[in-house]
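Structure record follows, encoded as structure tokens.
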Amino acid sequence: MKVESRIFEICTAFFFLAAIVYSVLAKEPVGMAALFLTGGLSLIVGTYFRFVSRRLESRPEDNPDAEVSDGAGEIGFFSPGSYWPIAVAASAALVGLGLAFWYIWLIVIAGVILLITVGGLVFEYHIRPADH
């Protein structure tokens, strides 16, 4: 996580520097506020990653002398094929459509469908304990 935190720290410095330059040259408050807030959000993420990296073991990505083979091994379980992501995307698009045209009935129905599809995606491989 040290690599990720370093990336966000560099982005934070860039955003704050860009905000200062923008505020001097443009004198436009909305862009200046957006750049400062973007720098603040980047600072939050970078600080979180730095905090978490102290608690985790060092990974091959954190070692500058690491080889590609150091990261070999099992990474995790990835679904071989699932239709839930398509359903989540379709229901999120339906929520967006309801918000765009401000159809409250469509927002409510699509929101319920979105919660169901997200639950289906999250619990797709959940197996209940076997009864003895």
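Heads up, the sequence shown is in my numbering, so the first residue is -2 and it goes up one at a time. Glycine residues also receive a C-beta, built at the ideal position from the N, C-alpha and C atoms.
Between residue i and residue j, is the Cβ-Cβ spacing less than 7 Å?
i   : j    : result
W81 : L118 : yes
G36 : T9   : yes
F5  : V65  : no
V85 : G108 : no
V0  : E71  : no
L32 : Y19  : yes
In or out: residue i buried (at least 16 other Cβ within 10 Å) or exposed?
i   : result
F75 : exposed
F98 : exposed
F12 : buried
A16 : buried
S79 : exposed
S88 : buried
Between which two residues does the alpha helix (DSSP H) containing residue i stretch?
i     : result
K(-1) : K(-1) to L22
P126  : It is not in any alpha helix (DSSP H) - P126 carries neither H nor E in the DSSP assignment.
Y80   : First-last for Y80: undefined, no H or E at that position.
Y45   : P26 to R52
A69   : No alpha helix (DSSP H) holds A69; DSSP gives it neither H nor E.
G73   : Per DSSP, G73 belongs to no alpha helix (DSSP H) and is neither H nor E.
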